[in-house]
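**Q**
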Amino acid sequence: MFVSRRALENAALGVAGVLTGVMLFLLMGADGLRLASGQPVFGDFIAFWSAGRAALDGQAERVHDVALVSEYSRAAVGGVGVVSPWNSPPTFLLIASALATMPYLIAALAFLLVSAAVYLFAARKLLPDTRALIFAATLPAAVYHLGTVQTGLVIAGISGLALHWLDRRPLASGALVGLLAIKPHLAILWPVLLLLSGRWRAFTAACASTGVFVCIAGAVFGFDSYGRFFDNLGASQALINANRIGTPAFASLYASLLNLDAPAVIAAAMQALSAVAALAVSALIFRWGDRALGGAALCAATLLISPYLFFYDFTLLAVGAALLGAPRDRFELFAAIAAWGAGLSLVLSYALPLPYCAAAAWLVLIATLRRARSAAGRPAAAPQP
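Taking our numbering, I'd label the letters of the sequence shown as residues 481 to 865.
(1) Please list the segments of the alpha helix (DSSP H) lying wholly inside the segment 612-637, counting only runs of 4 or more residues, in order along the chain.
(2) Note down, in chain order, each residue of its chain lying with its Cβ closer than 7 Å to the Cβ of Leu585, except the 5 sequence neighbours on either side.
(3) Which residue spans inside the segment 715-803 form an unbroken alpha helix (DSSP H) run of at least 4?
(4) Return the bridge partner residues of Asp511 from the DSSP annotation.
(5) Please report the residue range of the alpha helix (DSSP H) in which Ile662 lies.
(6) So Ile614 and Ala492 are in contact, right, with Cβ under 8 Å, and what is the actual spacing, rounded?
(7) Give me, in chain order, the residues of the same chain whose beta-carbon lies closer than 7 Å to that of Gln864; leave out the 5 immediate sequence neighbours on both sides.
(8) Please list, in chain order, all residues of the same chain as Ala540 whose beta carbon is under 6 Å from its beta carbon, the five residues on each side excluded.
(9) How about the segment 758-775 and the segment 683-694: do they share at least three Cβ pairs that are nearer than 8 Å?
(10) Span of the alpha helix (DSSP H) holding Thr684?
(11) Could you tell me if Leu593 is buried or exposed, where buried requires 16 or more neighbouring beta carbons within 10 angstroms of its beta carbon?
(12) Assuming Val543 and Leu573 make a contact with CB atoms under 8 Å, what is their CB distance in whole Å?
(13) Please report the distance separating the alpha-carbon of Asp704 from that of Ala855.
(14) Could you pull out every residue in the same chain whose Cβ sits closer than 6 Å to the Cβ of Ser564, ignoring the five residues on either side in sequence?
(15) Which of the three DSSP states, helix, strand or coil, is assigned to Pro520?
(16) Among Pro671, Ser786 and Leu660, which residue has its Cα nearest to the Cα of Phe730?
(17) Where does Val455 sit, in a helix, a strand or coil, going by DSSP?
(18) Identify, in the order they occur along the chain, each residue of the same chain with its Cβ nearer than 8 Å to the Cβ of Leu601, setting aside the five sequence neighbours on each side.
(19) Assign Gly691 to buried or exposed, taking buried as 16 or more other Cβ atoms, counted over all protein chains shown, within 10 Å of its Cβ.
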């Protein structure tokens, strides 16, 4: 017998309450905008604001310079002891520069509120009823954004809306896909989905939207800024290779295996095998499945391809689980619970470091494949008189 919906809702509310309580406790010990740990209030957003402020001051060519970003971070939050580098492309720098026209605190709150609004709006479109928003609002990966104002909410929201409108409003859907250029590694499967499923209007709109976005950022910061971004990818990868973040925040299979002290060559080989398998499975689903199944596969497989992922990126996995709808059997229920709880890897990995996030993504992808195979093998309905 399946566990009752009421029990799941109560458990979700309890977990979210504990996480929120811990963050409030840490906030109570803050000195101004600096936490006792030396981290800034609103965490990673300090990198967004600092890079944007540097660009506004005519320093766009140096935004990947950790020393420069640190100077702006210390100016915004005195005594901050944790430095967050800027590793994002010029498209996101365009957004960060607009945010940096406001003071740090106001900019962080504005970005958080807009991101949450987009995320919850998309969730309401995808979920079967208003009551199901409990699971969207209590999603650990989403709740964590209160403490570290990151991009997980807005990426999940944009992706969810693009998938919801894919067949209803293909031009609007494609235009939204272009906005994912702020985090291109989280949009890598969109061209595959649109091409294999023959959604040419959405594909054309996505290409046009992305091209316009890229060109505007290039015109503002210089097209050589893309060269600097690609040159900086080595530094981004080095963060994972050296495991230089003090918490188990990385969430890819590769990073999880490194956290288990696996040799780098083994971790890389397992990541590559998982990514190729996820790409193959998702491609099959894109050909077999409908919009919902294709979208669920896109969300899950995207999170199995890139080695550069954090726990908050797995907000996107909840979009995939939402597209599957209500679980039909115990396996699907387990996959849905795993998708909801993937963000708890940040806590669970302290006690038992395992690839929780990658496992959750595979569960959702397998559940989607089972649905797609079932749909493909179902006989066609008899014509109506």
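Idealized CB from N, CA, C, for every residue including glycine. Since this is a predicted model, take the numbers as computed values, not measurements.
**A** Let me spell this out:
(1) 613-618 and 620-623
(2) Translated into positions along the sequence shown, residue 585 becomes position 105. Counting only Cβ-Cβ distances below 7 Å, and skipping sequence neighbours, we find Leu513.
(3) 733-739, 744-768 and 771-785
(4) One-based indexing of the sequence shown puts residue 511 at position 31. Paired residue(s): Arg514.
(5) As a first step, residue 662 is located in the sequence shown; it is residue number 182 there, counting from the start. Here Ile662 belongs to no alpha helix (DSSP H), and DSSP marks it neither H nor E.
(6) Here the question's residue 614 lines up with position 134 in the sequence shown. Here the question's residue 492 lines up with position 12 in the sequence shown. Between Ala492 and Ile614 the Cβ distance is about 6 Å, and since that is below 8 Å, they are a contact.
(7) In the sequence shown, counting from the first residue as 1, residue 864 sits at position 384. Any reading at Gln864 must be qualified, since the residue scores a pLDDT of 35, below 50, and its modelled position is unreliable; the value itself is stated next. Cβ within range, chain order: n/a, list empty.
(8) Sequence index remark: in the sequence shown, residue 540 carries index 60 (1-based). Within the same chain, Ala540 has close Cβ partners Phe701.
(9) no
(10) What you label residue 684 is simply residue 204 of the sequence shown in a count that begins at 1. Per DSSP, Thr684 belongs to the alpha helix (DSSP H) from Trp680 to Phe701.
(11) For this step, residue 593 is matched to residue 113 along the sequence shown. Result: exposed.
(12) Locating residue 543 in the sequence shown gives position 63, where the first residue counts as 1. Locating residue 573 in the sequence shown gives position 93, where the first residue counts as 1. Right, their Cβ atoms sit about 6 Å apart.
(13) Within the sequence shown, residue 704 is the residue found at index 224, counting from 1. Within the sequence shown, residue 855 is the residue found at index 375, counting from 1. The straight-line gap from Cα to Cα measures roughly 48 Å.
(14) Within the sequence shown, residue 564 is the residue found at index 84, counting from 1. Around Ser564: Asp524, Ile526 and Ala527.
(15) Along the sequence shown, one-based indexing puts residue 520 at 40. In the structure shown, Pro520 sits in a strand (DSSP, three-state: E or B).
(16) Mapped onto the sequence shown, residue 730 falls at position 250. It is Ser786 whose Cα lies nearest to the Cα of Phe730.
(17) This structure cannot speak to residue 455, because the chain is shown only from 481 to 865.
(18) Along the sequence shown, one-based indexing puts residue 601 at 121. A small correction: the amino acid at residue 601 is Phe; Leu does not occupy that position in the sequence shown. Hits under 8 Å: Gly637 and Leu641.
(19) Position 211 of the sequence shown, counted from the first residue, corresponds to residue 691. Gly691 should be labelled exposed.
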